[in-house]
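Heads up: the protein sequence lines correspond to chains A and B, in order. Using full-length UniProt numbering, read the first sequence as starting at 1 and increasing by one per residue. Using full-length UniProt numbering, read the second sequence as starting at 1 and increasing by one per residue. The beta carbon of each residue, even a glycine, is placed where N, CA and C say it ideally should be. In what follows, a structure is listed as structure tokens, so that the remarks can point back to it.
Protein chains: 2
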Amino acid sequence: MAPARTIEIPQTGLESRLAARNLTWDRPTCGMAPGYLQANLIVLPSKAAKDFEILCARNPVPCPLLAKSASPGDFNSFVSCASAVSNEKIAAGIDIRTDAPRYNIYRDGVLVEESIASVEKHWQSDHVALLIGCSYSFENALAAAGLTPPHVLHERNVTMYTTNIPLCAAGGFVGGKYVVSMRMYRASEVERVRDITRPYVTTHGEPIAWGWDGMRDIGIHDLGAFDWGDAPVLADGKPVIQSEEESKDGGYVPVFWGCGVTPQEAVMKAKTPGIVIGHAPGHMVVLDVKEEDVLRK
Amino acid sequence: MAPARTIEIPQTGLESRLAARNLTWDRPTCGMAPGYLQANLIVLPSKAAKDFEILCARNPVPCPLLAKSASPGDFNSFVSCASAVSNEKIAAGIDIRTDAPRYNIYRDGVLVEESIASVEKHWQSDHVALLIGCSYSFENALAAAGLTPPHVLHERNVTMYTTNIPLCAAGGFVGGKYVVSMRMYRASEVERVRDITRPYVTTHGEPIAWGWDGMRDIGIHDLGAFDWGDAPVLADGKPVIQSEEESKDGGYVPVFWGCGVTPQEAVMKAKTPGIVIGHAPGHMVVLDVKEEDVLRK
């Protein structure tokens with residue numbers, strides 16, 4: 001996550017997109033353009049995109065839809081899907097085929113190419129791009145309140161788990177489950193953490209579960225058995241305390257949020273026919289929207 | 001459900017609200033004002049209403065928020081909370097204290113008065129009314145397609161169950177579960193039923209589970225052990241087939257939708273402090289919004 005020494009870190013959404021387009025930035029976008037919203041990307045054939053939009057409308061906590069292509073095939077102009085986002089402020093001059101630092105390609109729901117720099121040759125006239133909120137926003141707010149997530153302190157990826165919580169079905173997207181990200185906090189901090197992240201309704205919002213009973217309720221029985229990201233750590237960098245018994249000394253509990261990996265999981269589960277494009281994990285599309293714009297008053 | 005013989009059935013939202021206000025209509029609103037949207041009602045103290053609005057935003061399938069009081073204490077003017085609903089079309093001249101045929105009163109989350117005709121003396125200057133979508137809309141669409149729900153055919157209340165699906169928490173509303181309504185269909189009809197109800201995203205939309213495995217997945221193990229409404233029937237009026245084995249002859253399976261009882265359950269679960277007002281089940285607020293206005297294109 002350390003910035004390259006020889007290039008400047010882009011400070012705005014536009015600078016970030018141009019750096020990705022010009023191939024001067026090909027690494028994760030964590031820490032780029034502070035205060036600007038970063039987005040998860042899914043590009044789908046238009047029929048699947050229509051169902052996927054309904055999937056987002058029905059499951060806004062893991063899949064908070066921000067904007068979509070103005071029409072099928074359009075990689076330059078986007079329309080807002082969130083009341084807090086105005087069409088003008090999404091991303092001026094964007095080319096969604098080049099403006100994420102890295103992309104993944106799926107064919108019929110199977111990952112076939114990984115971490116490529118542009119998708120101009122994969123783009124189809126029937127493709128619709130969807131931009132979905134990302135938890136970097138509320139992580140900045142937690143840090144500002146002195147509650148920096150442990151994985152950020154230790155420059156690790158956040159830990160992610162599949163749960164037993166069903167996504168509400170939408171057309172071809174049936175049988176999906178919520179994916180959650182997990183951050184360890186002291187039990188005494190949980191209510192503050194909830195309050196700080198609550199206004200970020202368009203970027204996953206407040207936690208959906210917390211504590212050891214809460215963990216088991218959503219079908220997670222071992223924090224060490226994570227599905228994506230890095231192994232979890234505590235604020236002091238030690239491995240997490242794995243059980244209720246062991247946690248009594250430190251007072252730490254796991255706290256779980258809806259996670260932007262859910263959309264890509266849904267695509268794999270649905271075996272969506274044709275070519276689907278996603279950003280490579282961590283390599284987000286940076287928008288012109290500011291975090292303060294989407295805060296619920 | 002049979003209309004009174006001596007009074008006319010109101011044919012518009014306005015007529016329905018005036019009939020409730022004038023005490024000429026005190027029965028369930030099923031069948032009233034065909035084509036007009038009917039709404040579930042929850043009135044909360046403003047602090048709880050703020051959390052509840054986030055609960056709806058995070059759980060739109062069981063809790064699709066349509067509109068709310070323009071400001072705390074306002075029982076006459078409403079503002080839209082759904083992009084498909086314009087402020088002007090919500091409910092002209094409404095008085096939410098009198099315009100539902102019957103109300104229930106909760107104190108600190110406990111039901112204390114049932115089926116009263118008006119709530120003028122219970123209304124407080126800090127109260128906020130929230131109007132939430134109702135499944136009557138998609139039931140009309142199913143009937144128009146020759147798939148009238150069995151309980152409608154036999155003039156019974158729909159059967160409702162609590163599930164194991166957690167509501168995404170919001171402020172004081174923690175630990176709630178989805179309530180679902182259930183309608184029996186032949187397995188061969190399920191995809192049509194899904195397609196017909198899918199566009200009704202602001203009134204619970206398409207089913208969230210179906211079939212015998214789907215039933216067990218959401219924590220229901222006996223269709224006879226329902227939590228609200230009447231015992232389930234088949235289209236021919238016979239009691240439902242209770243098991244996968246017995247269903248093989250008839251080919252019937254249970255189909256489950258998010259249900260507007262969920263909000264009242266959430267209030268009881270949260271033991272919301274102070275006075276909360278709900279409509280009496282089945283005694284909805286009829287709006288000026290037409291069903292066609294909220295259909296997703």
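query	result
At what residues does the alpha helix (DSSP H) containing A/G211 begin and finish?	211-217
Which of helix, strand or coil does DSSP assign to A/I116?	strand
Of the choices A/G172, A/G133, A/V240, whose alpha-carbon is the least far from that of A/R186?	A/V240
Quickly, what does DSSP pair B/I132 with across the bridge? List them, please.	B/N40, B/L65
Roughly how far, in whole angstroms, is the beta-carbon of B/N157 from the beta-carbon of B/G260, given that I think they are within contact range, below 8 angstroms?	Rounded, the Cβ-Cβ distance is 13 angstroms, inconsistent with contact.
Which of helix, strand or coil does DSSP assign to B/V294?	helix
Can you find a C-beta in chain B that's less than 8 angstroms from the C-beta of A/G211?	no
For A/E191, count neighbouring C-beta atoms within 10 Å of its own C-beta (all shown protein chains included) and say buried if the count is 16 or more, exposed if not.	exposed
Grab the span of the beta strand (DSSP E) containing A/K177 for me, first residue to last.	177-186
According to the Cβ coordinates, are A/I277 and A/Y136 closer than 8 angstroms?	no
For A/Q38, is the classification buried or exposed, using 16 other Cβ atoms within 10 angstroms of its Cβ as the cut-off for buried?	buried
If the cut is a Cβ gap below 8 angstroms, which residues of chain A does B/D217 touch?	P166
Closest to A/V193 by CA distance: which of A/A67, A/A144, A/F78 is it?	A/A144
Under a CB-based cut-off of 8 angstroms, is B/P273 close to chain A?	no
Is the number of C-beta pairs between the stretch 22-34 of chain B and the stretch 214-233 of chain B that are closer than 8 angstroms three or more?	no
Run through chain B and tell me which residues come within less than 7 angstroms of A/A48, C-beta to C-beta.	Here the premise fails: no neighbours, minimum Cβ distance about 14 angstroms.
Between A/D51 and A/G171, is the Cβ-Cβ spacing less than 8 angstroms?	yes
Could you pull out every residue in the same chain whose Cβ sits closer than 7 angstroms to the Cβ of B/E189, ignoring the five residues on either side in sequence?	L147
Three or more beta-carbon pairs under 8 angstroms between the stretch 93-109 of chain B and the stretch 277-294 of chain B, yes or no?	yes
Taking Cβ positions only, does B/P60 come closer than 8 angstroms to chain A?	yes
For B/E155, return the contacting residues in chain A, with the cut-off set at a CB-CB distance below 7 angstroms.	Neighbours of B/E155 on chain A: none; closest Cβ ~30 angstroms, over 7 angstroms.
As a quick exercise: from A/E291, A/P149, A/V85, A/A67, pick the residue whose alpha carbon is nearest that of A/S77.	A/A67
Pull out every residue of the stretch 167-179 of chain A whose Cβ sits closer than 8 angstroms to any Cβ of chain B, in chain order.	C168, A169, A170, G171
Sort out for me which residues DSSP pairs A/A170 with in a bridge.	A/F173
Given a cut-off of 8 angstroms on the beta-carbon distance, is the pair B/V285 and B/L131 in contact?	yes
Compute the Euclidean distance between the alpha carbons of A/D288 and B/H221, then round it to the nearest angstrom.	49 angstroms
Report the neighbours of A/I196 on chain B: residues whose CB is nearer than 9 angstroms to its CB, in chain order.	Going along chain B, no residue has its Cβ under 9 angstroms from A/I196, so there is no contact; the nearest lies around 13 angstroms.
Find the nearest neighbour of B/R198 within the set B/Q124, B/I218, B/W257, B/G219, judged by alpha-carbon distance.	B/W257
Could you work out which residues of chain B lie near A/A70, taking near to mean beta carbons separated by less than 8 angstroms?	None at all; the shortest Cβ gap to chain B is about 15 angstroms.
Could one say the Cβ of A/P239 lies closer than 8 angstroms to chain B's Cβ atoms, at least one of them?	no
Would you please verify whether the beta carbon of A/I54 is less than 8 angstroms from any beta carbon of chain B?	yes
Nearest to residue 336 of chain A by alpha carbon, out of A/Y161, A/A117, A/G251?	No answer is possible for residue 336 of chain A: it lies beyond the span of chain A, which begins at 1 and ends at 297.
Spatial neighbours of B/S86 within its chain, please: C-beta separation below 7 angstroms, excluding the five flanking residues on both sides.	S80
Run through DSSP, which three-state label would B/T12 get?	coil
Using 8 angstroms for Cβ pairs, my map puts A/C168 next to B/V61. What's the rounded Cβ distance?	5 angstroms
Report buried or exposed for A/N59, applying the criterion of at least 16 other Cβ atoms within 10 angstroms of its Cβ.	buried
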